[in-house]
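**Q** Protein chains in written order, with our numbering: chain C, 369 to 817; chain A, 369 to 817. The structure follows.
There are 2 protein chains.
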Amino acid sequence: MPTDLDCLFQARSAAVVGATPNPDKLGHAILANILAGGFTGRVYPVNPKEDRILGLPAYPTVSSIPGDLDLVVVVVPAALVAGILREAAGKGARAGIVISGGFRESGRLDLEDELKAVVRQTGLRIVGPNCQGINYRPNHLCASWPLVTANGPMAVISQSGTVAATLAGWAVDEGFGITATVSLGNQVDVCETDLVEYFAGDPATRTIALYLEGARDGRRFVRAVRQTLPHKPIVVLKSGVTAGGQRAAASHTRSLAGRDEVFDGVCRQVGLIRAPNLEALYDYAKGSAALAHGVGPRVAVITSSGGSGILAVDEAERCGLSVPVFSPQVTAALREAHLPPNAILANPLDLTVCLAQDFERAVDVLVGCEAADYYLLIFGDPIPGATGMVQRLRERIGSRAAVSYLGGGEVEKEERLRLHAAGIPVFPTPERAIGGIRAAYLAGRGNKL
Amino acid sequence: MPTDLDCLFQARSAAVVGATPNPDKLGHAILANILAGGFTGRVYPVNPKEDRILGLPAYPTVSSIPGDLDLVVVVVPAALVAGILREAAGKGARAGIVISGGFRESGRLDLEDELKAVVRQTGLRIVGPNCQGINYRPNHLCASWPLVTANGPMAVISQSGTVAATLAGWAVDEGFGITATVSLGNQVDVCETDLVEYFAGDPATRTIALYLEGARDGRRFVRAVRQTLPHKPIVVLKSGVTAGGQRAAASHTRSLAGRDEVFDGVCRQVGLIRAPNLEALYDYAKGSAALAHGVGPRVAVITSSGGSGILAVDEAERCGLSVPVFSPQVTAALREAHLPPNAILANPLDLTVCLAQDFERAVDVLVGCEAADYYLLIFGDPIPGATGMVQRLRERIGSRAAVSYLGGGEVEKEERLRLHAAGIPVFPTPERAIGGIRAAYLAGRGNKL
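Have a look at this one:
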């Protein structure tokens, strides 16, 4: 049932139980972020000791809230949580987010069993406990921290709140943005598979980034992934690869990581794109969200930095893409294109000292000759006018151009924001750009490189 | 002769030939950066068409400069360069930097031979041509672009100007800083080996980061590296690893990359720490500059983010370090340390929701038990007071603590600057932190992991 989490993501009213005026507490941060994030539904702070919090009337209990309640966010000691959730369900709430820790991860299986009983008996859908909440931009609902309001195409589902916050933080800094982050916590109810199903059907989400320590129900997870991948790429970082990592994962979320070769085999079989580390998870999500899928393995590298071009070639060849030698026809056409006199007319095409229009002319020729499937533009110096140029190229060639911008100081930072606003992915190094291109290529081929 | 490049780095006067008031030109940027970089020697713009440039009197020729001249920086068309260098040598200059391109890389071997003749006949030491200049902070001499004035422990020697600028840009953004960047260009004279020898003897430089496409004289390079490594780590990113990369390197700097297995073997044999990509070059340089060398392979991971801790363990075990299980004695001591109630007292030590002092108490216990050789502190949320805490730890345990700070928003950015100012290395992900620690470990063991 892909839509049964609408009660969570599309909530029109939310209570924060444990809201407080103390700015050092999570109960404050979450209420503040719901308000600052632009949520347009009703918001009810619940705290028996306060009259008003952050300018809103506070209520002593969930039951005393006037009017309807869709979602309850709980930030109180573990022993009190089940009672509050029951009260919320009694009031008609259909979803709960439990931020509070102190359950299974602290040996309190009994308290966790109580939450499971609430789910069974009331039908309330619960995220957590022991989690960092959710942020869903289409509903302007940031029931999490830090505050993130940059809209983009990436949904992050994570067994680690910090991993979700880190990806979101990068997406904010770069102007790439998110549709959602969900921190899974102990998963008494809502699990990674429910969320894959939900974001598969979410029109704002173009790619799903998953951080997993283990899957609760492997078969169901694989089934959901198989159904999603024809429509939407999924990128996964799975930890617990080594013996020590598996031991640590077992302590963290009591996940049974399983043998890594098994998970890796599943990824290859079903077409999950596996990231080797945290930055790659972000890069692959970015590339697969922004670039056309499965076009082909041939990359043309056009660069103002010879050294950076070589790094791109090395990485491409290492990861199964190719940077093919141009045919004599292509080279002849490049010779007619009025490129800078010292340009090296090969692949990588090294423009040396150049302007934005030199990149444009070069790519024009290559596109005309169908010389490549993807285009990597490397700016190795400030390139004024980069955004306009790449946008024009994109109109002509579709989403087949990625940018690596480096060594560009403040101009680089500004152009990166503009390029991301225009939907063009920018990477901090040539190697990471190749990773993003590879993910887009794999996304269209069921990961069968 | 390690000191014979003092004429370049310790110059007390510099002419910029091709200086111009046009802010779009390199001849402007370099003059402006020498001035803005705080150079205290005399500076002479040379341009026959101008009276004053950037507030300084301009001279029509090098010969017309009043007084002594140590260094000449040349940014004029290639055909004019040799004549200007001879004129500068005639005036007593002992070093030249040729920014101009249009030599060997454009097929003009004849012009390059002229420069070699100048070196032979006058003894002038030349950097370039076709390069991005040098920046040497101890002499406040930024004869390069972009302007970088952040002082730190890392000297960058690079066959790519962009690679040098990129590393310097990161070092500025993070407050880590540099001692020097040198862009080698076509190397008619000064080569990577000369510079390794120079920075080996430079007291401000604690680590050398090299980007190479090939070495001009392999034997001499290996000899210089062998002499340097007992005193100072060298980290190298060598491109041209794949067949396509070797082809591209041959086009870029006419370097003969050679078989990669040979270079890799040399690295292992002599103890050069090889980086697999551009970010790793930076991370390894940072780790080996800031952390104690060769302490041992055991890493204790202390974290507020369980997931991030697992990623660190996976990476450590993949790269030959260990995150050992703590002994019952250590666990018992941790139990007495008044850590947060939900903390998981293992390695990684997951403090969950915690304060700076919890990290301090935990590391105190571990140090007391000699439970590890290096300490990785992962902050998975804003941790107010992080810098003061890590500084106190450092006083107690020496330079054995690295930090990975992620998901911390603005607090993270501020604390990162403070931590780097205090000499404590900070990495953006757990995996990259492990890379930095590994580099410091290898630096003390001759790379024999």
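By construction, the Cβ of each residue, glycine as well, lies at the ideal position given by its N, Cα and C atoms.
Would you check if the stretch 505-523 of chain C and the stretch 647-660 of chain C touch, i.e. whether three or more CB-CB distances between them fall below 8 Å?
**A** Contact between the stretch 647-660 of chain C and the stretch 505-523 of chain C is present, because at least three Cβ pairs lie under 8 Å.
**Q** Evaluate the contact criterion for the stretch 415-432 of chain C versus the stretch 453-469 of chain C: three or more CB pairs, one atom per stretch, below 8 Å.
**A** Cβ pair count under 8 Å is three or more, so yes.
**Q** Between A539 of chain C and the rest of its own chain, which residues show a CB-CB distance below 7 Å, the 5 nearest in sequence each way excluded?
**A** Hits under 7 Å: A518, G520, M522, G545, I546.
**Q** Can you tell which of C:C722, C:R410, C:Q725, C:A701 has the C-alpha that lies nearest to the C-alpha of A714 of chain C?
**A** Of the candidates C:C722, C:R410, C:Q725, C:A701, the one whose C-alpha sits nearest the C-alpha of A714 of chain C is C:A701.
**Q** Of the residues C:A383, C:R813, C:L437, C:I502, which one's Cα is nearest the Cα of I602 of chain C?
**A** With distances taken between Cα atoms, I602 of chain C lies closest to C:R813.
**Q** So the candidates are A:T699, A:Q697, A:A680; which of them puts its Cα closest to the Cα of S690 of chain A?
**A** The residue with the shortest Cα to Cα distance from S690 of chain A is A:A680.
**Q** What does F747 of chain A pair with, by DSSP beta-bridge criteria?
**A** According to DSSP, F747 of chain A bridges with A:Y773.
**Q** Per the DSSP calculation, D718 of chain C is bridged to which residue(s)?
**A** DSSP, once it has assigned bridges, lists C:T671, C:I712 as partnering D718 of chain C.
**Q** In its own chain, which residues sit with a C-beta less than 7 Å from the C-beta of L515 of chain A, not counting the 5 before and 5 after it?
**A** Taken in chain order, the residues that qualify are N401, A404, G405.
**Q** Express the C-alpha separation of L745 of chain C and G529 of chain A in angstroms, rounding to a whole number.
**A** Those two C-alpha atoms are separated by around 17 Å.
**Q** Tell me the DSSP secondary structure of G501 of chain C in three-state form.
**A** G501 of chain C: strand per DSSP, three-state reduction.
**Q** DSSP on I433 of chain C, reduced to helix/strand/coil?
**A** Reduced to three states, the DSSP call for I433 of chain C is coil.
**Q** So if I threshold CB-CB distances at 8 Å, which residues from the stretch 631-659 of chain A count as touching chain C?
**A** Answer in chain order: N645, L646, E647.
**Q** Please report the straight-line C-alpha distance between H508 of chain A and S619 of chain C, rounded to a whole angstrom.
**A** Answer to the nearest angstrom: the Cα atoms are 52 Å apart.
**Q** Looking only at its chain, what residues have a beta carbon closer than 6 Å to the beta carbon of R786 of chain A, apart from the 5 residues adjacent to it on each side?
**A** Counting only Cβ-Cβ distances below 6 Å, and skipping sequence neighbours, we find T755.
**Q** Taking R800 of chain C as the reference, which of C:E783, C:I502, C:N645, C:R768 has the closest Cα?
**A** Nearest C-alpha to R800 of chain C: C:N645.
**Q** Give the DSSP-derived three-state secondary structure of T388 of chain C in the structure shown.
**A** Three-state DSSP puts T388 of chain C in coil, outside helix and strand.
**Q** Taking its Cβ as the centre, do 16 or more other Cβ atoms sit within 10 Å of G804 of chain A, making it buried, or is it exposed?
**A** G804 of chain A is buried by the Cβ-count criterion.
**Q** Pull out every residue of the stretch 666-678 of chain A whose Cβ sits closer than 8 Å to any Cβ of chain C, in chain order.
**A** Answer in chain order: S672, S673, G674, G675, S676, G677, I678.
**Q** Taking 8 Å as the CB-CB cut-off, is Q759 of chain C touching chain A?
**A** No, its Cβ sits nowhere closer than 8 Å to a Cβ of chain A.
**Q** Which residue marks the beginning of the alpha helix (DSSP H) containing K393 of chain A, and which one marks its end?
**A** First-last for K393 of chain A: undefined, no H or E at that position.
**Q** Please tell me whether A740 of chain A has its Cβ less than 8 Å away from any Cβ of chain C.
**A** Taking Cβ atoms only, chain C never reaches closer than 8 Å to A740 of chain A, which makes this a no.
**Q** Would you grab the beta carbon distance between A617 of chain C and E581 of chain C for me? Rounded to a whole angstrom, and I think it's under 8 Å.
**A** Yes, A617 of chain C and E581 of chain C are in contact; Cβ-Cβ is about 4 Å, under 8 Å.
**Q** Looking only at C-alpha atoms, which of A:Y504, A:Y809, A:L422, A:G586 sits nearest to A653 of chain A?
**A** For A653 of chain A, the nearest C-alpha among the options comes from A:Y809.
**Q** Residues in its own chain within less than 8 Å of V693 of chain C by CB, not counting five upstream and five downstream?
**A** Counting only Cβ-Cβ distances below 8 Å, and skipping sequence neighbours, we find A714, N715.
**Q** Please report the Cβ distance between G501 of chain C and I398 of chain C, rounded to the nearest whole angstrom; I am assuming they are in contact, meaning their Cβ atoms lie under 8 Å.
**A** Indeed, because the Cβ distance is near 6 Å, the residues count as touching under 8 Å.
**Q** So does the stretch 788-798 of chain C actually touch the stretch 373-388 of chain A, counting three or more Cβ pairs closer than 8 Å?
**A** They do not touch, by the three-pair rule.
**Q** According to DSSP, K606 of chain A sits in a beta bridge with which residue or residues?
**A** Looking at the DSSP assignment, K606 of chain A forms a beta bridge with A:L580.
**Q** Hey, would you say G664 of chain A sits closer than 8 Å to T671 of chain A, going by beta carbons?
**A** Not closer than 8 Å, so no.
**Q** Using a cut-off of 7 Å between C-beta atoms, extract the partners of T610 of chain C located in chain D.
**A** Reference to chain D is not applicable here, since the protein chains of this structure are C and A.
**Q** So which of A:A724, A:D481, A:G496 has the shortest CA-CA distance to Q489 of chain A?
**A** Nearest of A:A724, A:D481, A:G496 to Q489 of chain A, Cα basis: A:D481.
**Q** So is D478 of chain C buried or exposed if we call it buried at 16+ other beta carbons inside 10 Å?
**A** Result: exposed.
**Q** Do you know how far the Cα of G753 of chain C is from the Cα of E647 of chain C?
**A** Cα to Cα, the separation comes out at about 28 Å.
**Q** Output yes if chain C places a C-beta closer than 8 Å to the C-beta of L817 of chain A; else output no.
**A** In this prediction, L817 of chain A scores a pLDDT of 48, lower than 50, which makes its location untrustworthy; the coordinate-derived value is nonetheless stated afterwards. No, L817 of chain A does not count as interfacial toward chain C.
**Q** Less than 6 Å between C-beta atoms, sequence neighbours within five positions excluded: which residues of the same chain meet that for Y650 of chain A?
**A** These residues qualify, in order along the chain: L535, W538.
**Q** From A426 of chain C to H396 of chain C, what distance separates their C-alpha atoms?
**A** If you take the alpha carbons of A426 of chain C and H396 of chain C, they lie about 12 Å apart.
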